[in-house]
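Written below as structure tokens is the structure these notes are about.
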Amino acid sequence: MKRRDFIKVIAGSVAAWPLAARAQQPGMPVVGFLNSASPEAFPDRLRAFHRGLKDTGFVEGENVAIVYRWGENQIDRLPELAADLVRRRVAVIAVNTPAALPAKGATTSIPIVFLISEDPVRTGLIASLAHPGGNLTGVNLVSGELTAKRLELLRELVPTIVRVAVIVSPISFTAETTLKDIELTARAMGLQTNILNASTSREIDAAFASFADRRPDALFVASDPFFTSRRVQLANLAARHGLPLTSSTREITEAGGLMSYGSNIADAHFQAGVYVGRILKGAQPADLPVIQASKLELVINHQTARILGLTVPPTLLARADEVIE
38 MKRRDFIKVI AGSVAAWPLA ARAQQPGMPV VGFLNSASPE AFPDRLRAFH RGLKDTGFVE
98 GENVAIVYRW GENQIDRLPE LAADLVRRRV AVIAVNTPAA LPAKGATTSI PIVFLISEDP
158 VRTGLIASLA HPGGNLTGVN LVSGELTAKR LELLRELVPT IVRVAVIVSP ISFTAETTLK
218 DIELTARAMG LQTNILNAST SREIDAAFAS FADRRPDALF VASDPFFTSR RVQLANLAAR
278 HGLPLTSSTR EITEAGGLMS YGSNIADAHF QAGVYVGRIL KGAQPADLPV IQASKLELVI
338 NHQTARILGL TVPPTLLARA DEVIE
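The numbering used here applies: residue 38 is where the sequence shown begins, and numbers increase by one.
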């Protein structure tokens, strides 16, 4: 996205927030939007969420108000931000992965629509995908289940890899299962892994600095909103170290990473917006089955491949949903 377009999007959204609050008429529903990142990190996803609301007949500032709460990548702030939305008695709360458990802990009555990259049943958010029960439902991103496929695609593009550095946030909601999946998959593929923990920008720098002692052949970035928000830093450091970088989100590839394979997260945000709209119209979360995000995308940065001296196999290029030149 061009800088002027980005500024226009954010300025428009920010300007609309207080206006929406002032323009709110008696009876206008209020949606709480709780996200662990910052508003400038994911403008495309926010737009998709708004489209989902509009698809069900709701437009911010016209017939629905939205109260935004951003964690700014500080996970420990999320419980209080969730509690604040509950105190405001919003009609429904939309949350991303790190905010799901704090929101669940804050209320058992206000409907919650999550967009989560972990199995919501295994993590105790809901009873089952078909019949969530309680006050939560939403969209389940395919993430951990794609770990093996992501490594297979990386090896297809870079057949010589042996050592793979894995960067993961230890405070992430999905850290434990991510590490288990990666270790099992890497062992089956005969790959050596070096696990690096990072939950701040400084720790990302430190993780890359450690490569001076043990240089990996590639970098696997775990799925986490924090890493996507730090996409430029990750892509620039990977380029500086000459490392092929694979992730689950297209934004990191657009910033200069080599490839990504995972759910189309903008589409998932659209689906979350639709569910919020349906709940505002009277649907109960317990009756709305969790949507399994089925729209997957493979994105390859061909320019990065050339810089790294890699030749992308024609068969892989043909399977890519997007090739960045």
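We treat Cβ as the ideally placed atom computed from N, Cα and C, and that holds for glycine. Everything numeric in this text was worked out from a predicted model, so none of it was measured.
Close Cβ partners of residue i (< 7 angstroms) along its chain, the five nearest in sequence each way excluded
i: Ala275; result: Leu256, Leu282 and Gly294
i: Glu362; result: His339 and Gln340
i: Ser236; result: Ser206, Pro207, Ile208 and Phe263
i: Tyr312; result: Val150, Thr174, Gly175 and Leu325
i: Ser73; result: Gly108, Asn110, Ile112, Leu115, Asn133, Pro135, Ala136 and Pro262
i: Ser266; result: Ala74, Ser75, Ala78 and Asn110
i: Glu220; result: Thr230
i: Lys141; result: Ile149, Leu162 and Leu173
i: Asp358; result: Glu334, Leu335 and Val336
i: Ala167; result: Pro326
i: Ala225; result: none
i: Lys91; result: none
Cβ-based neighbour list, residue i, same chain, cut-off 6 angstroms, excluding 5 preceding and 5 following
i: Ser75; result: Trp107 and Glu109
i: Thr222; result: Thr184, Ala185 and Leu188
i: Leu216; result: none
i: Ala143; result: Ala119, Ala120 and Val123
i: Ile103; result: Val68, Phe70 and Glu97
i: Pro350; result: none
i: Thr352; result: none
Top-ranked residue by Cα proximity to residue i, from the options
i: Glu97; options: Phe307, Pro66 and Leu216; result: Pro66
i: Arg252; options: Arg268, Asn231 and Thr237; result: Asn231
i: Thr174; options: Ile147, Thr197, Arg200 and Tyr105; result: Ile147
i: Ala320; options: Leu228, Gln270, Ile149 and Val203; result: Ile149
i: Ile302; options: Thr145, Glu288, Ala249 and Val313; result: Glu288
i: Gln308; options: Glu77, Ser73 and Gly89; result: Gly89
i: Thr214; options: Thr160, Ile198 and Pro139; result: Thr160
i: Val127; options: Ile316, Asn273 and Ala225; result: Ile316
i: Asn273; options: Asp254, Ile241, Asp250 and Ala249; result: Ile241
i: Val199; options: Gly227, Leu178 and Pro80; result: Gly227
i: Ala249; options: Arg277, Leu178 and Arg356; result: Arg277
i: Ser285; options: Val104, Lys318, Thr352 and Leu178; result: Leu178
i: Arg239; options: Leu271, Thr290, Lys91 and Gly170; result: Leu271
i: Asp254; options: His168, Thr197 and Thr290; result: Thr197
i: Ala342; options: His168, Thr290 and Pro169; result: Thr290
i: Lys318; options: Pro80, Arg84 and Thr93; result: Thr93
Neighbourhood of residue i by C-beta distance below 8 angstroms, restricted to the same chain and skipping five residues each side
i: Thr211; result: Thr134, Ser154, Glu155, Ser180, Gly181, Ala259, Ser260 and Asp261
i: Leu378; result: For residue 378 there is no data in the structure shown, the boundaries of the chain being 38 and 362.
i: Arg82; result: Ile302, Ala303 and His306
i: Gln229; result: Val199, Arg200, Val201 and Ala223
i: Leu354; result: Ile337, His339 and Val360
i: Gly170; result: Ile163, Ala164 and Ala323
i: Arg125; result: Val67, Gly69 and Val104
i: Arg356; result: Leu335
i: Thr145; result: Gly171 and Asn172
Sub-7 angstroms separation of residue i and residue j beta-carbons
i: Ala292; j: Val269; result: yes
i: Val158; j: Ala305; result: no
i: Leu71; j: Ile163; result: no
i: Phe95; j: Gly314; result: yes
i: Gly69; j: Leu138; result: no
i: Pro322; j: Asn100; result: no
i: Val336; j: Ser297; result: yes
i: Phe86; j: Gly310; result: yes
Within-7 angstroms CB hit, residue i to chain C
i: Gly142; result: Absence of chain C from the displayed structure is noted, only one protein chain being present.
State whether the region 121-138 contacts the region 150-161, with contact taken as three or more CB pairs (one from each stretch) at a distance under 8 angstroms. Verdict: yes, contact present.
So, do the region 115-123 and the region 188-198 have three or more beta carbon pairs nearer to each other than 8 angstroms? Touching, no.
Contact between the region 346-353 and the region 321-331 (3+ Cβ pairs under 8 angstroms): Touching, no, given that fewer than three Cβ pairs across the two stretches are closer than 8 angstroms.
In the region 310-349, which residue ranges form an unbroken beta strand (DSSP E) of at least 3 residues, counting only runs that do not cross its ends? The qualifying runs are 333-338.
What runs of the beta strand (DSSP E), each 3 residues or longer, lie entirely inside the region 72-118? At a cut-off of 3 residues, the continuous stretches assigned as beta strand (DSSP E) that sit fully inside the region 72-118 are 102-107.
Length-filtered (4 minimum) alpha helix (DSSP H) runs lying within the region 131-171: Taking 4 residues as the minimum length, the alpha helix (DSSP H) runs contained wholly in the region 131-171 are 134-143, in order along the chain.
Residue ranges of each beta strand (DSSP E) within the region 252-320, 3 or longer: You should have 255-258, 282-284 and 296-300.
Could you name each continuous alpha helix (DSSP H) segment of 4 residues or more that falls completely within the region 180-223, going from the start of the chain to the end? You should have 184-194.
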